[in-house]
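In the numbering used here, the protein residues as written are -15 to 378.
Listed below in structure tokens is the structure:
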């Protein structure tokens, strides 16, 4: 018996050798038959041994195939040698101790997983393996709201009084002399409550039959509202129903004094200085992740990182201020300011999801799933925020 530890390649080589041996013995037997000579007992024994050896090798190949050489779900494919041994016509021919003639074996198309019109194609009968759940798209991490003060309102407008001017006439005066008069200018500012919302339609059947889908829709609707809120808080243009975002309200960057910014790191330092000179210390920088990656990978003349540390797990900071990264910020732009004291989000209605019928939903077996929120943004001091261009891209 053959060694069961042989590799598939060695088994294939031995099987081919056995098949060649049988062909040679068969040719010798047919040659003798054509000459009218009888088969010798030695030749018969050699043919029997060769067939036995080929049968053993074929069995070992089948065992390997069943253990994983082929897809376990498809069943093992018989080799050409196995089909030869098992063919009824070949068995009948050899059992008859022939002295002449030949044995034919019809080889039909092998059954495969193809889905074409070709013979043996059985792919359409194979059911795909469906994994449970849905592979969700990635969610953006929201960051802007966390920078701001939070509050609540019961109205559709948030009003606050903003000081827009101060005339300071304070000065040293002589005893009994009249003091100088100072003045302050105030202005009433309105922060309108904006609604951010959207909806999806779904059939009642699919929601009943796939509870997971209802949870998915709920999550995606809430995420969509949060995504748009991030954009509005940062850069809403204040027109129509849009919030007037931080970028819109901010003061334009202008290099203070006679300083000169030689690179974008200098620019960010001078922007924080501009906020400080307005008497409001900055609490963070807001940058696009691309710009922050550029800054972190800046190197000196000998190749050392100037700011970034590939092995550090510390919170990203620059000029002692935290760096907040968000794709909502335009590339090559920046925003810095007193986020923690001079801007506030007021929630009128936090994000909620409602389900109901709209128009002819009821007769069509549909439901409308709606998610929305109402909020206002108050920027108390525009000069407490500075927005500008990093100058990295021409």
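Note that beta-carbon positions come from the ideal geometry of N, C-alpha and C, so glycine has one too.
Cα-Cα, which of the options is closest to residue i?
i	options	result
residue 311	29, 6, 126	126
residue 333	357, 156, 315, 345	357
residue 339	155, 36, 138, 188	188
residue 276	34, 3, 292	292
residue 208	31, 121, 316, 252	121
residue 370	241, 135, 272, 251	251
residue 271	287, 295, 307, 294	307
residue 134	40, 363, 150, 376	363
residue 327	234, 225, 258, 244	234
residue 175	361, 288, 295	361
residue 241	162, 248, 258, 268	258
residue 153	164, 365, 245	164
residue 211	237, 182, 35, 192	182
residue 249	225, 243, 159, 374	374
residue 4	25, 35, 274	35
residue 42	314, 15, 19, -6	-6
residue 0	169, 40, 314	40
residue 348	185, 155, 161	185
residue 180	160, 157, 114, 224	224
residue 6	161, 29, 124, 24	29
residue 19	195, 26, 11	11
For residue i, I'd like the list of residues in its chain whose CB is within less than 7 Å of its CB, leaving aside the five on either flank, ordered along the chain.
i	result
residue 290	282, 283, 284
residue 256	266, 303, 305, 320
residue 231	218, 219, 319, 371
residue 199	none
residue 278	376
residue 239	245, 254
So, for residue i: in the same chain, excluding its five sequence neighbours on each side, which residues have a beta-carbon less than 8 Å away from its beta-carbon?
i	result
residue 337	202, 205, 206, 353, 354, 355
residue 129	213, 214, 217, 329
residue 335	206, 209, 210, 355, 356, 357
residue 322	259, 264, 265, 266, 267, 365, 368, 369
residue 273	309, 310, 311
residue 378	none
residue 280	289, 291, 292, 300
residue 295	none
For residue i, list the residues DSSP reports as bridge partners.
i	result
residue 228	221
residue 369	321
residue 376	Bridge partners of residue 376: none, in fact.
residue 168	150
residue 185	352
residue 235	370
residue 338	354
residue 363	327
residue 209	The partner list for residue 209 (beta bridge, DSSP) is empty, contrary to what the question assumes.
residue 133	328
residue 302	305
residue 144	173
residue -4	Answer is none; residue -4 lacks a bridge partner.
residue 269	307, 320
residue 260	Its beta-bridge partners do not exist; DSSP assigns none.
Beta carbon of residue i, beta carbon of residue j: below 8 Å?
i	j	result
residue 331	residue 359	yes
residue 148	residue 171	yes
residue 380	residue 38	Residue 380 lies beyond the stretch modelled for the chain, which goes from -15 to 378, so this question has no answer here.
residue 351	residue 191	yes
residue 236	residue 368	no
residue 365	residue 269	no
residue 31	residue 8	no
residue 316	residue 253	no
Leaving out five residues before and five after residue i in sequence, what residues of the same chain have Cβ atoms less than 6 Å from its Cβ?
i	result
residue 140	177
residue 400	Residue 400 is absent from the model: the chain starts at -15 and stops at 378.
residue 173	144, 146
residue 142	175, 330, 360, 362
residue 59	Note that residue 59 scores 43 on pLDDT, short of 50, meaning its location in the model is unreliable; the coordinates nonetheless yield the value given after this. Counting only Cβ-Cβ distances below 6 Å, and skipping sequence neighbours, we find nothing.
residue 155	164
residue 221	232
residue 227	178, 216, 220, 361
Can you check whether the C-beta of residue i is within less than 8 Å of a C-beta belonging to chain D?
i	result
residue 211	Among the chains of the structure shown, chain D does not appear; only one protein chain is present.
- [ ] Could you say if the stretch 292 to 301 and the stretch 341 to 350 meet the contact criterion of at least three C-beta pairs nearer than 8 Å?
- [x] no
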